[in-house]
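Trainee: Line by line, the protein sequences are chains Z and U. Converting from the first sequence to this note's numbering requires adding 421 to each position, the first position being numbered 1. Converting from the second sequence to this note's numbering requires adding 421 to each position, the first position being numbered 1.
There are 2 protein chains.
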Amino acid sequence: MTLILALDFGGTKLAAALVNVGSRKWLRYERRLSPVGANASTDLEIMRSLIYSLLEDAKPAAIGVSFGGPVDASTGTVRLSHHVAGWENIPLKGLLEEEFGVSVGVDNDANVAALGEHRFGAGQGYDSLFYITVSTGVGGGWILNGQPWRGAGGMAGEIGHIVVDPSGPVCLCGKRGCVERLASGPYMAQNVREILENEPQRRGGFRDGEILRGLAGDDLTLLTGQLVSEAAAAGDDLAKEVLHKAAWALGVGIGNVANLMNPQRFVLGGGVTKAGEDFWRVVRQVARETALPEVDFEIVPAVLGDDAPLWGGVAIASM
Amino acid sequence: MTLILALDFGGTKLAAALVNVGSRKWLRYERRLSPVGANASTDLEIMRSLIYSLLEDAKPAAIGVSFGGPVDASTGTVRLSHHVAGWENIPLKGLLEEEFGVSVGVDNDANVAALGEHRFGAGQGYDSLFYITVSTGVGGGWILNGQPWRGAGGMAGEIGHIVVDPSGPVCLCGKRGCVERLASGPYMAQNVREILENEPQRRGGFRDGEILRGLAGDDLTLLTGQLVSEAAAAGDDLAKEVLHKAAWALGVGIGNVANLMNPQRFVLGGGVTKAGEDFWRVVRQVARETALPEVDFEIVPAVLGDDAPLWGGVAIASM
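(1) Measure the alpha-carbon distance for Phe700 (chain Z) versus Ala653 (chain Z) and round it to whole angstroms.
(2) Grouping DSSP H, G and I as helix and E and B as strand, with all else coil, what is Val703 (chain U)?
(3) Please identify, using Cβ separations under 7 Å, the residues of the segment 550–577 of chain Z that lie next to chain U, in order along the chain.
(4) Evaluate the contact criterion for the segment 607–617 of chain Z versus the segment 637–648 of chain Z: three or more CB pairs, one atom per stretch, below 8 Å.
(5) Restricting to runs no shorter than 4 residues, where is the alpha helix (DSSP H) found entirely within the segment 646–686 of chain U?
(6) Taking the beta strand (DSSP E) that Asn529 (chain U) belongs to, which residues open and close that run?
(7) Looking at the C-beta of His539 (chain U), does it have a partner C-beta in chain Z at a distance below 8 Å?
(8) Can you give me, in chain order, the residues of the segment 685–706 of chain Z that have a beta carbon less than 7 Å from any beta carbon in chain U?
(9) If you count every other CB in all the chains shown that lies within 10 Å of the CB of Lys661 (chain U), and 16 or more means buried, which is it?
(10) Using only the alpha-carbon positions, how far apart do Phe541 (chain U) and His503 (chain U) sit?
(11) Please list the partners that His582 (chain Z) has in chain U, where partner means a Cβ-to-Cβ separation under 7 Å.
(12) State the Cα-Cα distance for the pair Val600 (chain U) and Val555 (chain U), rounded to the nearest angstrom.
(13) Identify whether Ser474 (chain Z) lies in helix, strand or coil by the three-state DSSP scheme.
(14) Ser474 (chain Z) versus chain U: which residues are under 9 Å apart at the beta carbon?
(15) State yes or no: is the C-beta of Pro684 (chain U) within less than 8 Å of the C-beta of Phe551 (chain U)?
(16) Flag Glu601 (chain Z) as yes if its beta-carbon sits less than 8 Å from any beta-carbon of chain U, otherwise no.
(17) By Cβ distance, which residues of its chain are closer than 6 Å to Leu603 (chain U), with the 5 residues on each side in sequence left out?
(18) Give me whichever residues DSSP pairs with Asp429 (chain U) in a beta bridge.
(19) Would you mind telling me which residues of chain U sit closer than 9 Å to Asp717 (chain Z), beta carbon to beta carbon, in chain order?
(20) With a threshold of 6 Å on Cβ separation, who are the neighbours of Asp586 (chain Z) within its own chain once the five nearest residues in sequence on each side are excluded?
(21) Note down, in chain order, each residue of its chain lying with its Cβ closer than 7 Å to the Cβ of Trp563 (chain U), except the 5 sequence neighbours on either side.
(22) Excluding the 5 residues flanking Val673 (chain Z) on each side, which residues of the same chain have their C-beta closer than 7 Å to its C-beta?
(23) Using the beta-carbon of each residue, which ones in chain Z are nearer than 8 Å to Lys596 (chain U)?
(24) Please work out which residues of its chain come closer than 6 Å, Cβ to Cβ, to Ala506 (chain Z), disregarding the five sequence neighbours upstream and downstream, and give them in chain order.
(25) Alpha carbon to alpha carbon, how far is Val649 (chain Z) from Trp508 (chain U)? Give it in angstroms, no decimals.
(26) Check whether the Cβ atoms of Gly560 (chain U) and Gly574 (chain U) sit closer than 8 Å, and answer yes or no.
(27) Output the residue ranges of the alpha helix (DSSP H) runs that lie fully inside the segment 492–579 of chain Z and measure 4 residues or longer, sorted by chain position.
(28) Beta-carbon separation of Leu435 (chain Z) and Arg449 (chain Z) under 8 Å?
(29) Beta-carbon separation of Gly692 (chain Z) and Gly646 (chain Z) under 8 Å?
(30) At what residues does the beta strand (DSSP E) containing Val721 (chain U) begin and finish?
(31) Alpha carbon to alpha carbon, how far is Phe718 (chain Z) from Phe687 (chain Z)? Give it in angstroms, no decimals.
(32) Kindly indicate the opening and closing residues of the alpha helix (DSSP H) around Glu451 (chain U).
(33) According to DSSP, simplified to helix, strand and coil, what is Val688 (chain U)?
(34) What is the C-beta distance between Ala497 (chain Z) and Val525 (chain Z), in whole angstroms, given that I count them as a contact (C-beta under 8 Å)?
(35) State the Cα-Cα distance for the pair Val486 (chain Z) and Leu424 (chain U), rounded to the nearest angstrom.
(36) Taking only heavy atoms of the ligand MG into account, decide whether any of them is closer than 7 Å to the Cβ of Thr423 (chain U).
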């Protein structure tokens, strides 16, 4: 019995899972929220307790790790986390190899999730794919010739920060109209909030923001991307407009990527992609219109959900 | 003495060259303009005469071919030419192999030029690069892991048709604000022509269109991308504005590609890139602003000029 241990250091949650080589079902699985005020040390401590609880007395043959932030995959060193303090230059691979005495592979979550979907999910049998996660951020991971493509400095896949509307709103990165600025959950919530605050005349109609306000309990700071999706599904025109713009941005981004790299498949995961048929219809239509007619591709939903980074960890550990 | 024969079927010109394996200098070289009203048959006849004139009685060990249009590189079949009639589904590799009895490789000009610059030019020693030609069209070719990346259907590299300004002018492809629509030579000429025709008040100033009109001999239909560059260099504000917009479009495109693929180098060739220091400064600055701060890259001029496809042909023949 050969065991693989997969770890997922997300921005807000920690997960670990154990699987028998060749199996498609977790043997054991643990998930924990990162506490408020977490730092690298507390996250590492929690993860260690998850690991020992999973392993009992067993020893894994290898460990594969997904990290929610930039990683130097060649050395397995975390560069930093945008969500949790203290991760600067932590040699995560080295720490785990020393403690558990087995080989460890570490990469960033988008690359690892891409590998997970490629090996165990919506990308099985496809040599070239681009995995895109649309969630609190927008990121991506490449599989080309059946292998991860990380870029010369490990920075490939940043579809969230390609510009699709140079006259659009300003993104945290400083540019205008990035895909992430229009399509991430928090930015969708911000967009409806700004319209409701700045265009009070739009607050009147039942179908134009009222459903949104109802869902947020009149406290606009409570709006989330998910509430925007729910309001759109319930017929709120303002929510539909903002969600449509998100789908448009993603569609332009995907069409541009198709022209540039011509992969077989785009695999889309993350909370925002659960927004329903209308969202998917716009993404697919705009991507098709943006790509040249000779460029073929499919856009399909990810199938591994929140477990994609863990399954990618299994793939990394088996490489 | 092992001879390699390289052929370049451009849209308006035909070229052939012969080289000793390992040499960086052509042994013999022939170039001919494609006649007005050329079709696939006449181009093939002219190329045959060039080849026999080059070869004299020698026999090459292999032949590498650059074709100015979509090619199925796996079979060496031309899909079509956008410039010359009759090239639909011509099995160019098969025809040449039958006639010359040696192995032949065929690919489209952007991919072949990328390979040429990688093996013999500005991309030597770089594992990942994107070659961009900015000329009558805007196209690109990838080298990743030291090998061409052609895409699942051979369509990768179409940076000319990624959208950088969704409210920009309409491109032949049907979309608005493609890189090619703003940065190709003919479209730059069209852009100044339209401004001169539609904004007659701009015709007054010496520095605002007058230099352009002088260069075109008052016949605006004679304007070219090169004349726009010359007028900009001579201080014509209108020409500078249009050239600046072209450089901006190219810079946004390059920055987006850097975020997405993180290659080491961008190698830029084609007539428009000879527009001078101002053009290059804007391209580099906008690309740097568009890419995330963590994404490193260089933008350098191609060094093989019009011979890049021929040197790429040598590389293909040696693969």
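Built from N, CA and C at the ideal position, the CB exists for glycine as well.
Mentor: In short:
(1) 10 Å
(2) helix
(3) Leu565, Trp570, Gly572, Ala573, Gly574, Met576, Ala577
(4) yes
(5) 646–654, 658–682
(6) 524–529
(7) no
(8) Gln685
(9) buried
(10) 28 Å
(11) Asn680, Leu713
(12) 10 Å
(13) helix
(14) In chain order: nothing, as chain U lies at least about 36 Å away.
(15) yes
(16) no
(17) Lys666, Ala667, Ala670
(18) U:Ala436, U:Ser487
(19) Ala573, Gly574, Met576
(20) Gly598
(21) Ala535, Phe551, Pro569, Trp570, Ala577, Gly578
(22) Val585, Val707, Thr711
(23) Glu710, Thr711
(24) Asn460
(25) 52 Å
(26) no
(27) 513–521, 530–541
(28) no
(29) yes
(30) 719–722
(31) 7 Å
(32) Per DSSP, Glu451 (chain U) belongs to no alpha helix (DSSP H); it is in the beta strand (DSSP E), 449–454.
(33) strand
(34) A quick correction: the sequence has Gly, not Ala, at residue 497 (chain Z). Indeed, because the Cβ distance is near 6 Å, the residues count as touching under 8 Å.
(35) 51 Å
(36) Summarising the ligand content, the structure contains no ligands, and the ligand MG is consequently not present.
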